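Enquirer: Read in order, the letters of the sequence shown are residues 1 to 136 in full-length UniProt numbering. A virtual CB, placed ideally from N, CA and C, is assigned to each residue, including glycine. Source: prediction; values computed, not measured.
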Amino acid sequence: MQIREQGRKIQFIRSTYDPGHKRSSGKVVATCLKYMTSLPAAEAEKLTEEERTQAEEFFKQREQEQTEFRRRYSTDGLPFSLQQVVQHIADGGEISPVQAEKMWQGMAALQKALKKAGHAKPVRPKKVKAASSLKA
């Protein structure tokens, strides 16, 4: 069975060999909306057991890919988001105590995860004292 995204739909195509024409022909057996996470029961009934298994594997793989994409997207965008929050606070923006508490908890969890993954907190360079004028 072939699975193809066509516009806003996912098509499940069954290929059958036609000995008279000496080639395979494809027929759309079931369809569903592109954003669904599983095949509707009415459409699943149109598929064979093997085809249903293929459809379930397709949806499972697609969900894993989307989860990985969301994680990567969040990780890549986090530094920018943090800068935006810092700027919001610096500009006198309002943050509720609940939001502040959640941010502190999130930063603590992030620090712990970074340390566990082997990314230690960078060491700040020591401040150099200004050289006092030399007495002659």
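Assuming residue 35 is part of the alpha helix (DSSP H), what are its boundary residues?
Expert: The residue given as residue 35 occupies position 35 in the sequence shown. From DSSP, residue 35 is part of no alpha helix (DSSP H); its letter is neither H nor E.
Enquirer: Spatial neighbours of residue 9 within its chain, please: CB distance less than 8 angstroms, with the 5 preceding and 5 following residues excluded, ordered by chain position.
Expert: By one-based count along the sequence shown, residue 9 stands at place 9. Cβ within range, chain order: 31, 32, 33 and 34.
Enquirer: Bridge partners of residue 5, per DSSP?
Expert: Taking the first residue of the sequence shown as position 1, residue 5 is located at position 5. In the DSSP output, where bridge partners are listed per residue, residue 5 has 10.
Enquirer: Do you know how far the Cα of residue 65 is from the Cα of residue 81?
Expert: As a working note, residue 81 is residue 81 in the sequence shown. As a working note, residue 65 is residue 65 in the sequence shown. If you take the alpha carbons of residue 81 and residue 65, they lie about 23 angstroms apart.
Enquirer: Indicate the three-state DSSP secondary structure (helix, strand or coil) for residue 18 in the structure shown.
Expert: Locating residue 18 in the sequence shown gives position 18, counting from the first residue. Residue 18: strand per DSSP, three-state reduction.
Enquirer: Contact defined as beta carbons within less than 8 angstroms: I believe residue 29 pairs with residue 13. What is the distance between those atoms, to the nearest angstrom?
Expert: For the purposes of this step, residue 29 is taken as residue 29 along the sequence shown, with counting starting at 1. For the purposes of this step, residue 13 is taken as residue 13 along the sequence shown, with counting starting at 1. The Cβ separation is near 7 angstroms, so the contact holds.
Enquirer: Leaving out the 5 sequence neighbours to the left and right, which residues in its chain are closer than 7 angstroms to residue 37 when beta-carbon positions are compared?
Expert: For the purposes of this step, residue 37 is taken as residue 37 along the sequence shown, with counting starting at 1. Same-chain partners within the cutoff: 59 and 63.
Enquirer: Tell whether a beta-carbon distance below 9 angstroms holds between residue 107 and residue 54.
Expert: Sequence index remark: in the sequence shown, residue 107 carries index 107 (1-based). Sequence index remark: in the sequence shown, residue 54 carries index 54 (1-based). No; because the gap between Cβ atoms is not below 9 angstroms, this pair is not in contact.
Enquirer: DSSP three-state label for residue 74, please.
Expert: For the purposes of this step, residue 74 is identified with residue 74 of the sequence shown, where counting begins at 1. For residue 74, the three-state secondary structure derived from DSSP is helix.
Enquirer: Out of 72, 126, 51 and 127, point me to the one whose CA is closest to residue 15's CA.
Expert: Stepping through the sequence shown from its first residue, residue 15 is reached at position 15. If we check each option's Cα against that of residue 15, 51 comes out closest.
Enquirer: Identify, in the order they occur along the chain, each residue of the same chain with its Cβ nearer than 6 angstroms to the Cβ of residue 11, setting aside the five sequence neighbours on each side.
Expert: Reading the sequence shown from its first residue, position 11 is the one you call residue 11. So the qualifying residues of the chain are 4, 28 and 31.
Enquirer: When you compare each of 84, 127, 39 and 102 to residue 57 by their alpha carbons, which one comes out closest?
Expert: For the purposes of this step, residue 57 is taken as residue 57 along the sequence shown, with counting starting at 1. Taking only the C-alpha atoms, the option nearest residue 57 is 39.
Enquirer: Mapping the DSSP letters down to three states, classify residue 124 as helix, strand or coil.
Expert: Here the question's residue 124 lines up with position 124 in the sequence shown. Residue 124: coil per DSSP, three-state reduction.
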